[in-house]
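>
Residue numbers (our numbering): 2 to 293.
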């Protein structure tokens with residue numbers, strides 16, 4: 002069965018019914034079917050059967066229910082965060098059309114600044130009064146989701162292990178744990194970077210040999226989380242960690258832009274090792290390796 006929006010739900014139901022189910026990578030299927038002049042559901046089913054028979058497919062891991070639930074919470078949090086930003090930018094855009102510039106504000110001073118600018122303008126007061134109620138409700142729900150995610154992280158041993166790593170907080174840890182789900186499904190920790198699109202594309206044919214930018218395949222939220230963790234390590238003091246020393250050496254050699262990606266890929270390897278070995282982060286060589 003091709004992986005898709007309903008595949009995890011269908012997979013769980015079919016496995017519960019005693020059936021043997023294999024999810025396959027849709028990009029590989031699409032590439033194999035490009036040679037077909039006519040596309041129908043019947044031909045697709047036959048083509049998938051042929052791929053399975055020949056073994057020309059890549060199996061897709063079906064995540065556990067717990068991983069799906071955490072991922073759904075993280076998605077909801079990101080959605081609310083995006084809507085908060087959209088509402089704020091919309092209000093700023095509306096006022097700008099009337100020559101009113103909001104300027105720099107904080108979350109606490111934003112509403113007061115808006116009311117100060119629209120004083121005496123009945124239409125803008127009506128619009129702003131309605132729109133300013135939206136962030137208040139969204140902020141409350143956003144805070145509720147944050148509390149829920151923190152509570153989950155406190156009770157999740159895997160998340161606690163990852164949070165011993167510099168730059169890794171609740172969101173990064175839960176995002177990575179939910180995406181990996183089963184550490185044993187990777188042959189080695191080095192396979193995690195390519196899985197999440199953190200390695201360069203490669204094209205080689207005859208005398209042509211080209212290495213491009215990172216592939217960006219896989220879960221984009223994991224890449225974002227790892228980038229944020231890498232940024233924290235690079236910009237904030239991290240004492241006694243070989244990881245930052247390695248990153249600074251790469252920065253001197255490859256420049257500040259590439260080091261962030263390199264460190265994100267390195268973090269993916271390190272975090273997978275922690276999940277696989279059930280240990281905490283070792284800041285430098287020779288340090289003890291306590292297990293949780």
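For every residue, glycine included, the Cβ atom is placed at its ideal position computed from N, Cα and C.
Please report how far the alpha carbon of residue 7 lies from the alpha carbon of residue 23, in whole angstroms.
14 Å
> When we look at the beta-carbon of residue 250 and count the other beta-carbons within 10 Å, is it buried (16 or more) or exposed?
exposed
> Return the residue from the list 215, 5, 264 that minimises the CA-CA distance to residue 236.
264
> Reducing DSSP to helix, strand and coil, say where residue 214 ends up.
strand
> Between the stretch 176-188 and the stretch 154-167, are three or more C-beta pairs nearer than 8 Å?
yes
> Taking contact to mean 3 or more Cβ pairs, one atom from each stretch, closer than 8 Å, check whether the stretch 130-147 and the stretch 212-222 are in contact.
no
> I'd like to confirm something about residue 155: is its beta-carbon nearer than 8 Å to some heavy atom of the ligand ATP, or not?
With respect to small molecules bound, the structure shown includes none, and the ligand ATP cannot be examined in it.
> If you follow the beta strand (DSSP E) that residue 203 is in, where does it begin and where does it stop?
First-last of the beta strand (DSSP E) with residue 203: 201-206.
> Nearest-angstrom Cα distance between residue 292 and residue 54?
Because the pLDDT of residue 292 is 49, which lies under 50, any placement of that residue in the model is unreliable, and the number read from its coordinates should be weighed accordingly. If you take the alpha carbons of residue 292 and residue 54, they lie about 43 Å apart.
> Just checking, does the stretch 167-176 make contact with the stretch 147-157 on the three C-beta pairs under 8 Å criterion?
Contact holds between the stretch 167-176 and the stretch 147-157, because three or more Cβ pairs, one in each stretch, are under 8 Å apart.
> Nearest-angstrom Cα distance between residue 135 and residue 88?
8 Å
> What would DSSP say about residue 284, mapped onto helix, strand or coil?
coil
> Count Cβ pairs between the stretch 257-274 and the stretch 189-203 that sit closer than 8 Å; are there 3 or more?
Cβ pair count under 8 Å is three or more, so yes.
> Short check: CB of residue 118 to CB of residue 103, under 9 Å?
yes
> Which residue from 105, 146, 96 puts its Cα closest to that of residue 373?
In the structure as shown, the chain begins at 2 and stops at 293. Residue 373 is therefore absent and cannot be evaluated.
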